[in-house]
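First the structure, in the form of structure tokens, and then the observations on it.
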Amino acid sequence: MSSMNMVQALNSAMDVMLTRDPDVLIFGEDVGYFGGVFRCTAGLQAKHGRRRVFDAPIAEGGIVAAAVGMGAYGLRPVVEIQFADYILPAFDQLVSEASRLRYRSGGEFTAPITVRSPCGGGIHGGQTHSQSPEALFTHISGLKTVMPSNPYDAKGLLIAAIEDNDPVIFLEPKRLYNGPFDGYHDRPLQPWAAHPAGEVPDDYYRIELGKAAIARAGEAVTVLTYGTMLHVSLAAVAECGIDAEVIDLRTLFPLDIETISASIRKTGRCVIVHEASRTSGFGAELGQSVQEQCFFHLEAPILRVTGWDTPYPHAQEWQYFPGPKRVVHALKRVMED
Amino acid sequence: MSSMNMVQALNSAMDVMLTRDPDVLIFGEDVGYFGGVFRCTAGLQAKHGRRRVFDAPIAEGGIVAAAVGMGAYGLRPVVEIQFADYILPAFDQLVSEASRLRYRSGGEFTAPITVRSPCGGGIHGGQTHSQSPEALFTHISGLKTVMPSNPYDAKGLLIAAIEDNDPVIFLEPKRLYNGPFDGYHDRPLQPWAAHPAGEVPDDYYRIELGKAAIARAGEAVTVLTYGTMLHVSLAAVAECGIDAEVIDLRTLFPLDIETISASIRKTGRCVIVHEASRTSGFGAELGQSVQEQCFFHLEAPILRVTGWDTPYPHAQEWQYFPGPKRVVHALKRVMED
Amino acid sequence: MKTMLDLHVPEPPARPGEAPDFSAMQVPPAGVVPRPDIDAPASDLRELPFELIRVLDDEGRACGEWNPQLPADTLRRGLRAMLLTRTFDERMVRLQRQGKTSFYIKSTGEEAIGVAQALALNRDDMCFTSYRQQGLLVAREWPLVDLICQIFNNRKDRLKGRQLPILYSVREAGYFSMSGNVGSRFPHAVGWAMASAYKHDTKIASAWIGDGTTAEGDFHYALTFASVYRAPVILNVVNNQWAISTFQGIAGGNEAPFASRAIGYGLPGLRVDGNDFLAVHAATRWAAERARRNGGATLIELFTYRAAAHSTSDDPTKYRPQDEASAWPLGDPIERLKQHLIVLGEWSEAQHTALQAELEAEVQAAVKEAEQYGTLHSEDSDPQTMFEDVFESVPPHLQLQLEELRSIGS
Amino acid sequence: MKTMLDLHVPEPPARPGEAPDFSAMQVPPAGVVPRPDIDAPASDLRELPFELIRVLDDEGRACGEWNPQLPADTLRRGLRAMLLTRTFDERMVRLQRQGKTSFYIKSTGEEAIGVAQALALNRDDMCFTSYRQQGLLVAREWPLVDLICQIFNNRKDRLKGRQLPILYSVREAGYFSMSGNVGSRFPHAVGWAMASAYKHDTKIASAWIGDGTTAEGDFHYALTFASVYRAPVILNVVNNQWAISTFQGIAGGNEAPFASRAIGYGLPGLRVDGNDFLAVHAATRWAAERARRNGGATLIELFTYRAAAHSTSDDPTKYRPQDEASAWPLGDPIERLKQHLIVLGEWSEAQHTALQAELEAEVQAAVKEAEQYGTLHSEDSDPQTMFEDVFESVPPHLQLQLEELRSIGS
Ligand SMILES: Cc1ncc(C[n+]2csc(CCOP(=O)(O)OP(=O)(O)O)c2C)c(N)n1
Ligand SMILES: Cc1ncc(C[n+]2csc(CCOP(=O)(O)OP(=O)(O)O)c2C)c(N)n1
Ligand SMILES: [Mg+2]
Ligand SMILES: [Mg+2]
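Residue numbers (my numbering), protein chains in the order written: chain A, 15 to 351; chain B, 15 to 351; chain C, 940 to 1349; chain D, 940 to 1349.
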């Protein structure tokens, strides 16, 4: 066990997998000698060699395409896209190729690739270093989408993603790299060292994809959330004193609908919180699914607290970012009905 | 007035706009001399000249990028992407550039472009000539998304899209090009000539973006649908005799939530029908929005009838395609509760 | 005084109703292009993309340094595979017209490409093709029955009816899974080749893309990655002059030969008479040997003509002169190899006629067998296959959807 | 015996702790490259991308055919704009360190590019830049106050606080809206130029992309469309040797010069000493005149060195030798132009020192003024601006979201 922040936990996951499996290799923009702009691959090239951890051209489409080709050969590439905003040039390769190679070839070829990418805002990144594109991937049959909320989960989920025989989009909320951010940008940041999930085993372990975690048990209302918004939601719950059950989805697809339904059957109320913009965000699928499964248990409308339907602005970041106030407001509103 | 199928109506819209506005120009793969693989631009090069209607390299990203640059200059380009499946290489240009050029430049530059593309299945196109990617666009702030269901609307909406000062994704259900397909692939096709919406004015007219149409008024349940599925839904309603109100969304974004809400407040029940795969499809947003707006009016869960969460297979096309049987089943189920 | 700017939109030399016009095309004599050493640095090879490597002359003789000196048996094998490919294509189009399948694409006039390249590569070199290299599978002697089962989407279709006809996947024969999207597999070949190099393997990759499709970003990704990591891969551009209705000038072919794209990436670029079996074989062999010696990638432009319609959905008389194919200056690849074998005294008209009949019978027999397993829609497919292989195992939500389909129908 | 394949991963000549090593770099003397006629066909120009166009020699004299023969006033204007750009950059970084803004990017060592190119173009030619051509706006004399207001995201920021600092948009000064995504505006320049040609206008476009970013699909789209439609556009690759921590070999620069990418598209490719004000001006003027005469596009590689960190978020000592910038063989663009002016007798050290002081005061005054309108987070921005300009008018759902924000807060 070591105390790790999320960057270190991710680094440890890759280190463990490079050591265990000679077919694992890592590439992406600036991930080699330098170790990545967020340092997630720091030291890995020095330890495992340039053949296994190397820089790639600035061509996200090419990076994913090369990974698909390597996957078809039999390797298990892990690629980094420097910001989730820059996955889009690779979108066709992910959707038209990676996601359906197994299907269309009747299982002859597969793409066991992992695409890691930092997502989300709260770091003054402006429009193109802040986006949360997860909903797009969840609409694509054949992709799995993961977003951890703490170092312990990050390592276990990343190992599971690398070992998965299907393509996994692994989104890392960059606002959580250094600490469990609760949405209060004007208060001092808590480090992961002070958080139980900052204790991370040094060795191999997995957290199965497709399983949500109950971050806080409660009876009054269910909060469905993931990534940075988990911590914002917990802060909001602490603040308003409502006995909410807060579910950290961890894997968005495949969705752990059983854990979700069980909770909502119990509470009868639901608030969904995500940072991505609202319309056709993943909250839409969550809300509609919950409603399909639990209609007769619902006592109030399912509410969404999300980013606004605008690009992610720079100066107005904290007006865009869904903070505890908005979550508290939604919790109170669903409790009124 | 002339009797037109949807191809002819679209062609007429472009012809009208080329004639009215010297800043309108058209390009795309095979749209020039040949007139497009679905013939939507047939005759337009001969009439308006090669400068205004021309072939483009097979580079969807380049096509959209060039259109954005032209838009920034002050033109009003209309581009065709040969199949909606092939919009994905242009996805970054649409999301990172076209959709937010106005926003990020404080209104200095705009991208008044129209991206036309045939979508949907039912023509034995297999995995890559059948997809319905509309949900992806509706998640992107700054894009409008339109899908007509008949020749009359197609022409009026396309003219409105071309005149719109923001980027519009204009999806054409290719299964409707020649007739109002009702989902019965084993019965003879009805031509548009036999349908009232096949009567189309020869001149200029617009149908405002953002307005749904009530395709069939009813009291028992609301069906929310668009494109090919409008006709499938109407067939299903006719078959089961349930007095459904069938709403043809026409524009997906901005969504005509008022027309939708008014209907659901009346019926208390809702079925959503689309051809795209289910998870995070546009039905998710529709369902969640309806639930947010009309929770206390709902008497039964909102159900979705959609394509399955798999790629669009070739031989199993009619098992994938959501047909009248599935719509009837959903209608009956919501009426049971 | 300022010049008024004007937009240039290129047009092909001839349209329907006009006479075919290849007058702008330079056809150098066979045998004149020198064959550089396999280890020559790419910077010494910058003139090659502007040449046209040809071995067979008009009389059917093999000339010059690029003559691959193939044994007559290999030549006959090539001739047989090309003829079988053409026979197969013809037959499949007829079956499509009969409604036994929905779609087909012929490779008429381009058979030397798939066939000669298959013979110049090893069987375990992985091929990332476009939809017009069926000759590769034929030359690798993959059972025609298997291909027809895919085309019929019948119960022996290894791709389980999921794919449009001809979008084969044959891992065993080194043939990578195809897709309807053009171009998107081109960079996979580079990734695959990088993996082979990473594993200290000896297998190389080869990829094919059409002249029109060179405009996609995937083409550029492939060249960039191949150049940077010196991947053991052959990157082929099949310049058959047309991309559906669009002539190669709309992809930039009027401004410079596609082979010359190699220069900017520091790769050798070879421009080859694609209807010349020997030239195609020799260029491919050169690039393959170079790749196998860690010399990295080569870009090969195969200069040819799409003699057939784009696909069964296309009618080329709508956009090019009807007789353009017969005016094509580089002739027909089968005729040219046949003539060469006859000149060598290794073949005769009588043998050719007999071979043609034999191959027709072979195709006929394969069709017969495949038909026993069904044709498109001759029987209902099992809905279960639709939900399998989306993921390694069928997840719960797909299991539910399958049950929904089973109980309700569609 | 078979060779074992191996994966090649290029590495720069030196890393931290090692001595800078530019020994592989060829620096030809100034004045030796001939200047072709503006109407020369691109096919006659295929050697140019392998040369290095230089005008200023080591003594500060202008040599050879590419000497643009600029009047001393223009040279002084250029010197002033370069020096102002550098002074501005230095000051902005200090303001960032003070927390008055979140981010900044310097162009140190690359000032000749934005400045000389601005002077070689017309003011209404539209520029589609990367984030390191601020010299363009300075040379076009756009008010510094306006730039600082954007950097501060204050109430006079014309971009309404929505953009990261330095992602300017200045339509009036022919400066297209920037974005954080690299490369995606490069093909817009081609579309804009096509529009200009379509409208029989006389304005041309110019675009800039980094060496690293040439790997994106957008680079290829731009070259393809520019080639096919002969768009009146200048496509510049700024090869400053680094892309954040990644050296130019990872973009293919070790295999062939970026300028040589032009060849495969049939475009002229010029490789230019990017730290030589006169060479940059002359090459740009050549390409601009060619474009204005309907001669189509030119690719220009500007060979330079990123002397500064990538951005205020970067620390280059982590990945390259600390003293690499000072070892750069092509010197500093400001020093070189200054020396040239002195050699011409048109400038002196005293004048230079005075100019430096004047420019510092100018920047200082601009900062002062801008600060009156606020700095990042010095005051709350109006939430309304967040919801405007998503569409031409604010649609109902955004009106509701604005009201939500107003009533609840965030
Ligand atoms: C990404 C994508 N865009 C467009 C298409 C439609 N399309 C299919 S084939 C084709 C022409 C390809 O021409 P070329 O690359 O020259 O190959 P050829 O058919 O001549 O062999 C086009 C545009 C497609 N399949 N995929
Ligand atoms: C599409 C995209 N991918 C990645 C990035 C991250 N990124 C920002 S700058 C940069 C390096 C660009 O290097 P180069 O093109 O050489 O330009 P330079 O900074 O040297 O001027 C990278 C990778 C980005 N902004 N956009
Ligand atoms: Mg072609
Ligand atoms: Mg650079």
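Beta carbons are placed, not taken as given, at the ideal position from N, Cα and C, and that holds for glycine. Source: prediction; values computed, not measured.
Asked	Found
Would Pro126(A) be called buried (16 or more neighbouring beta carbons within 10 Å of its own) or exposed?	buried
Residues of chain C with CB closer than 8 angstroms to the CB of Leu58(A), please, in chain order.	Residues of chain C passing the Cβ test: none, with the nearest at roughly 16 angstroms.
With 7 angstroms as the threshold, decide whether the Cβ of Gln330(A) is near any Cβ in chain D.	yes
How big is the Cα-Cα spacing for Gln1056(D) and Ala175(B)?	38 angstroms
Within the continuous alpha helix (DSSP H) that includes Asp167(A), where are the two ends?	Pro165 to Glu177
Between the alpha carbons of Trp1286(D) and Val1306(D), how many angstroms are there, rounded?	28 angstroms
Note the first and the last residue of the continuous beta strand (DSSP E) segment covering Leu987(C).	That residue, Leu987(C), is in no beta strand (DSSP E); it is neither H nor E in DSSP.
For the putative contact between Ile77(B) and Ala104(B), defined by C-beta atoms under 8 angstroms, what is the C-beta separation to the nearest angstrom?	7 angstroms
Quick check on this structure: which residue in Val67(B), Thr33(B) and Val304(B) has the alpha carbon closest to the alpha carbon of Thr273(B)?	Val304(B)
Put Asn1178(C) into one of helix, strand or coil per three-state DSSP.	strand
Can you tell me the Cα-Cα spacing of Asn1193(D) and Val1167(C), whole angstroms?	8 angstroms
Would Pro202(B) be called buried (16 or more neighbouring beta carbons within 10 Å of its own) or exposed?	exposed
Classify Trp1147(D) as helix, strand or coil using the three-state DSSP reduction.	strand
Could you pull out every unbroken alpha helix (DSSP H) segment of at least 4 residues lying fully inside the region 131 to 167 of chain A, listed in chain order?	148 to 152
Looking only at C-alpha atoms, which of Gly241(B), Arg220(B), Ser26(B) and His328(B) sits nearest to Glu148(B)?	Gly241(B)
Is the shortest distance between the beta-carbon of Pro126(B) and the beta-carbons of chain A less than 7 angstroms?	no
With respect to 6 angstroms, is the separation between the Cβ of Asp1150(D) and the closest non-hydrogen atom of ligand 4 below this value?	yes
By Cβ distance below 6 angstroms, which residues in the same chain neighbour Gly193(A) in space, the five residues on each side in sequence not counted?	Leu203, Gln204, Pro205 and Trp206
What does DSSP give as the partner residue(s) for Asp262(A) in the beta ladder?	Ala227(A) and Thr239(A)
Note down, in chain order, all residues in the region 1182 to 1213 of chain C with a beta-carbon under 9 angstroms from any beta-carbon belonging to chain B.	Ala1182, Ile1183, Ser1184, Thr1185, Phe1186, Ile1189, Ala1190 and Gly1191
Would you please verify whether the beta carbon of Ala81(A) is less than 7 angstroms from any beta carbon of chain B?	no
Between the region 327 to 340 of chain A and the region 57 to 70 of chain B, can you find at least three pairs of beta-carbon atoms closer than 8 angstroms?	no
Taking all protein chains shown into account, decide if Asn1061(C) is buried (16 or more other Cβ within 10 angstroms of its Cβ) or exposed.	exposed
Starting from Phe1326(D) and walking both ways along the alpha helix (DSSP H), at which residues does that stretch end?	Gln1323 to Phe1326
Per DSSP, what are the beta-bridge partners of Phe335(B) in this structure?	Note: Phe335(B) sits in no beta bridge, so no partner.
Which class does Glu915(D) belong to by DSSP, given the choice of helix, strand or coil?	In this structure chain D extends from 940 to 1349, so residue 915(D) is not present and cannot be described.
Smallest Cα separation from Gln1073(C): which of Leu1098(C), Ile1105(C), Ile1090(C) and Met1065(C)?	Ile1105(C)
Asp351(A) to Ala314(A), Cα distance in whole Å?	5 angstroms
Taking only the alpha-carbon atoms, compute the straight-line gap between Phe1326(D) and Met1117(D) and give it to the nearest angstrom.	20 angstroms
If contact means a Cβ-Cβ distance below 8 angstroms, which residues of the region 184 to 218 of chain A contact chain B?	none
In this structure, what does DSSP give as the bridge partners for Tyr1114(D)?	Cys1066(D) and Val1109(D)
What's the C-alpha gap between Gly1119(C) and Phe1042(C)?	12 angstroms
May I have the straight-line CA-CA distance separating Phe296(A) from Gly85(B), to the nearest angstrom?	32 angstroms
Quick check: what's the CA-CA separation for Ser277(A) versus Ile1347(C)?	30 angstroms
By alpha-carbon positions, which one of Gly197(B), Ala231(B) and His288(B) ends up nearest to Asp323(B)?	His288(B)
Cβ closer than 7 angstroms: which chain D residues qualify as neighbours of Glu306(B)?	Within chain D, no residue comes near Glu306(B); the closest Cβ sits about 11 angstroms away, beyond 7 angstroms.
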